[in-house]
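Numbering-wise (this note's numbering), the sequence shown opens with residue 4 and increments by one.
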Amino acid sequence: MIRRSAAIVANLAQQLEARSSSVMLVNLPNSSRSLIAAKDIEAGSVIHRDEQPMLCSPSPAAIDITCASCLRPVPPLSVAVPGNNKAVGESNRQHRFCSIDCEQTALDTWLQIDLLCDFSALQTACKDNAEKFPLMAARLACMALQQHQDENEIISKSTENLVSSSKKVMRGDPLKDLSSLCYAKIPQAPDDWSNMHAMLLQGLSTSGLSTSKFDLEWYCWVLSRLHLNVFRVDTVPPLDIQADPAALFKAAAAVVSGGGAPQGSAVYLLGSMFNHSCEPNVDVTFPNNNAEIAFVAATDIAKNTELCISYIDAGGGRAARQEQLRYAYGFLCNCPKCIEEKAM
């Protein structure tokens, strides 16, 4: 069962009014909160841009080649390049950053606590089992601990201060806004969730700080929201000009075909409001080659039309799409494409 709180509506409506004349947040039958076109929109028009994630994390397999703050690809440590390209932490749990600004953003929000922890076992388990959400939960826990430790605003900035510090970029506060996102009601924690949670607690314990609030109930609360709201962030890795031409061709082909591994995962405040269609009228893009997201009209869109993205690869047949949506998101799609194919 999917639920969504109404607490986010006022905040989102205010931000949308200030930033975009193309989008309205409304109630539509059978779909809870939805985004609709506030005016006619031409194909190729940017509907919403410059939204930064309120929570993100590199893919377990890409930790050493991804900026831990913005998910921009960085060259492997073995490749000498100008610029920051900096690693922070010990070899088994280091973080890479593409710039000093990204490193400072991390220090201001979660990195100071993270460096006190040892999530190496959790990272290994996530990499071996192709899991991504436990590492995002670990980052959220570090954010909460760092904000709690910063009662006098001496050690770091709170995430609330970070959110209000930028007028240009839209960003939610995960310590507040995550509770307002849709979620799946989980009656009992699956065994793999319990195992990953135990490793998360083990990693947090090395910080010497109290972790009592991060119990299994909290972990399920977080993962039930991440499962339904996370976006896969696909970016283009930097090419090593000294690499073998065949390797360069293979890497380029993977990017074009979508077959490359994603750089990471992210949750967005406005992005979570887009509903699904197997024939979406909105494309998801990452124009700055990092986790900053933009939404572009895929077709001409008439005023008052619902704006939809695709949660999955919509190129497969109806049965395959329905099974993927049921398994990953807990619903069966009744978009025009699915209805038409069902009638055939």
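In this text, a Cβ means the ideal position worked out from N, Cα and C, and glycines have one as well.
- Task: Quick one: give me the first and last residue of the beta strand (DSSP E) that F298 is part of.
- Result: As a working mapping, residue 298 is identified with position 295 in the sequence shown. Element bounds for F298: 296-300.
- Item | Residues bridged to Q149 (per DSSP) | Position 146 of the sequence shown, counting from 1, holds the residue named residue 149. According to DSSP, which records beta bridges pairwise, Q149 is partnered with nothing at all.
- Item | Candidates L58, P79, A64, L80: closest to S72 by CA position | Along the sequence shown, one-based indexing puts residue 72 at 69. For S72, the nearest C-alpha among the options comes from L58.
- Message: Between the alpha carbons of K345 and R321, how many angstroms are there, rounded?
- Response: Here the question's residue 345 lines up with position 342 in the sequence shown. Here the question's residue 321 lines up with position 318 in the sequence shown. Taking the straight line joining both Cα atoms gives about 8 Å.
- Task: Run the CB neighbour count on S159, radius 10 Å, all protein chains shown included, and call it buried at 16 or more, exposed below.
- Result: If you number the sequence shown from 1, residue 159 lands on position 156. Unreliable positioning characterises S159 in this predicted model, as indicated by a pLDDT of 43, which lies under 50. A coordinate reading is not provided.
- Query: Is L125 near M199, with beta carbons less than 8 Å apart?
  - Reply: Along the sequence shown, read from residue 1 onward, the residue named residue 125 stands at position 122. Along the sequence shown, read from residue 1 onward, the residue named residue 199 stands at position 196. Going by C-beta atoms, L125 is nearer than 8 Å to M199.
- Query: In terms of residues, what are the limits of the beta strand (DSSP E) holding G267?
  - Reply: Along the sequence shown, one-based indexing puts residue 267 at 264. Looking at the DSSP string, the run of the beta strand (DSSP E) that includes G267 is 267-270.
- What does DSSP give as the partner residues of A40 in its beta bridges? Position 37 of the sequence shown, counted from the first residue, corresponds to residue 40. A40 is bridged to V26.
- Query: Would you say Y354 and L231 are within 8 Å of each other, going by their C-beta atoms?
  - Reply: What is shown of the chain runs 4 to 347, which leaves residue 354 out entirely.
- Mapping DSSP to helix, strand and coil, what is A187? Taking the sequence shown and counting its residues from 1, the one referred to as residue 187 is at position 184. Strand at A187.
- Item | Span separating the alpha-carbon of L335 from that of M146 | As a position in the sequence shown, residue 335 is number 332, starting the count at 1. As a position in the sequence shown, residue 146 is number 143, starting the count at 1. Going by the C-alpha atoms only, they are around 35 Å apart.
- Message: Pop quiz: C341 and S313 are said to be a contact at Cβ under 8 Å. What is the actual Cβ separation, rounded to whole angstroms?
- Response: As a working mapping, residue 341 is identified with position 338 in the sequence shown. As a working mapping, residue 313 is identified with position 310 in the sequence shown. No, C341 and S313 are not in contact; Cβ-Cβ is about 12 Å, not under 8 Å.
- Message: Quick check on T69: buried or exposed, where buried means 16 or more other Cβ atoms within 10 Å of its Cβ?
- Response: As a working note, residue 69 is residue 66 in the sequence shown. By the neighbour-count rule (16 or more Cβ atoms within 10 Å), T69 is buried.
- Query: Where does M276 land, buried or exposed, given buried means 16+ other C-beta within 10 angstroms?
  - Reply: Indexing the sequence shown from 1 puts residue 276 at position 273. Classification for M276: buried.
- Give every residue of the same chain whose Cβ lies closer than 8 Å to the Cβ of S24, excluding the five residues on either side of it in the sequence, and list them in chain order. Locating residue 24 in the sequence shown gives position 21, where the first residue counts as 1. Counting only Cβ-Cβ distances below 8 Å, and skipping sequence neighbours, we find A41, K42.
- When the Cα atoms are used, what is the spatial distance from R329 to I103? Within the sequence shown, numbered from 1, the residue matching residue 329 stands at position 326. Within the sequence shown, numbered from 1, the residue matching residue 103 stands at position 100. So the alpha carbons of these two residues sit roughly 42 Å apart.
- Whose C-beta lies closer than 6 Å to the C-beta of F217 among residues of the same chain, with five residues either side of it excluded? Locating residue 217 in the sequence shown gives position 214, counting from the first residue. Closer than 6 Å at Cβ, skipping near neighbours: A144.
- Message: If distances are taken between C-alpha atoms only, which option among P177, V285, I296, Q325 comes closest to I44?
- Response: Numbered from 1 along the sequence shown, position 41 holds the residue referred to as residue 44. Here the closest residue by C-alpha is V285.
- Item | Close Cβ partners of G175 (< 6 Å) along its chain, the five nearest in sequence each way excluded | Indexing the sequence shown from 1 puts residue 175 at position 172. Once the five neighbours on either side are set aside, the close Cβ partners of G175 are M57, L272.
- Is A392 near Q55, with beta carbons less than 8 Å apart? This structure leaves residue 392 out entirely; the chain is present only between 4 and 347.
- Query: So which of I116, K188, H51, V29 has the shortest CA-CA distance to G333?
  - Reply: To locate residue 333, count along the sequence shown from 1; it is residue 330. Nearest C-alpha to G333: K188.
- Task: Answer with buried or exposed for G318, where buried requires no fewer than 16 other C-beta atoms within 10 angstroms of its C-beta.
- Result: As a working mapping, residue 318 is identified with position 315 in the sequence shown. Burial call: exposed.
- Query: Distance, Cα to Cα, S208 vs I116?
  - Reply: Taking the first residue of the sequence shown as 1, we reach residue 208 at position 205. Taking the first residue of the sequence shown as 1, we reach residue 116 at position 113. Cα to Cα, S208 sits roughly 11 Å from I116.
- Message: Spatial neighbours of Q327 within its chain, please: C-beta separation below 6 Å, excluding the five flanking residues on both sides.
- Response: Here residue 327 corresponds to residue number 324 of the sequence shown, with the count starting at 1. Hits under 6 Å: I315.
- Message: Taking 7 Å as the cut-off, is the C-beta of N293 nearer than that to any heavy atom in the ligand SAM?
- Response: With respect to the ligand SAM, the structure offers nothing, as it holds no ligand at all.
- Item | Counted within 10 angstroms of its Cβ, other Cβ atoms place A46 as buried (16 or more) or exposed | In the sequence shown, residue 46 corresponds to position 43, counting from 1. Exposed: under 16 other Cβ atoms inside 10 Å.
- Item | First and last residue of the uninterrupted alpha helix (DSSP H) at S123 | By 1-based counting over the sequence shown, the position of residue 123 is 120. First-last of the alpha helix (DSSP H) with S123: 123-132.
- Note down the Cα distance separating V225 from S197, rounded to an integer number of angstroms. Here residue 225 corresponds to residue number 222 of the sequence shown, with the count starting at 1. Here residue 197 corresponds to residue number 194 of the sequence shown, with the count starting at 1. Near 13 Å, if we compare the C-alpha coordinates of S197 and V225.
- Would a C-beta distance cut-off of 8 Å place L203 and L148 closer than the cut-off? In the sequence shown, counting from the first residue as 1, residue 203 sits at position 200. In the sequence shown, counting from the first residue as 1, residue 148 sits at position 145. Against a cut-off of 8 Å, the Cβ pair of L148 and L203 comes out as no contact.
- Item | Selection from D111, F100, S123 that minimises the alpha carbon distance to R75 | In the sequence shown, the residue the question calls residue 75 occupies position 72. That would be F100, whose Cα lies nearest to the Cα of R75.
- Can you tell me whether DSSP reads C101 as helix, strand or coil? Position 98 of the sequence shown, counting from 1, holds the residue named residue 101. Of the three classes helix, strand and coil, the one that applies to C101 here is coil, per DSSP.
- Query: So who's on the other strand from T288, going by DSSP bridges?
  - Reply: As a first step, residue 288 is located in the sequence shown; it is residue number 285 there, counting from the start. A297, per the DSSP bridge assignment.
- According to the neighbour-count rule (16 or more other Cβ atoms, all chains shown, within 10 Å of its Cβ), is S215 buried or exposed? Sequence index remark: in the sequence shown, residue 215 carries index 212 (1-based). When all chains shown are included, S215 counts as exposed.
- Use the C-beta contact count for N278: other C-beta atoms within 10 angstroms, 16 or more gives buried, fewer gives exposed. Position 275 of the sequence shown, counted from the start, is the residue given in the question as residue 278. Buried is the call here.
- I50 - containing beta strand (DSSP E), residue span: Residue numbering aside, residue 50 sits at position 47 when the sequence shown is read from its first letter. Start and end: 49-55.
- Task: Can you give me the start and stop residues for the beta strand (DSSP E) that R235 sits inside?
- Result: Here residue 235 is taken as the residue at index 232 of the sequence shown, counted from 1. Residues 233-236.
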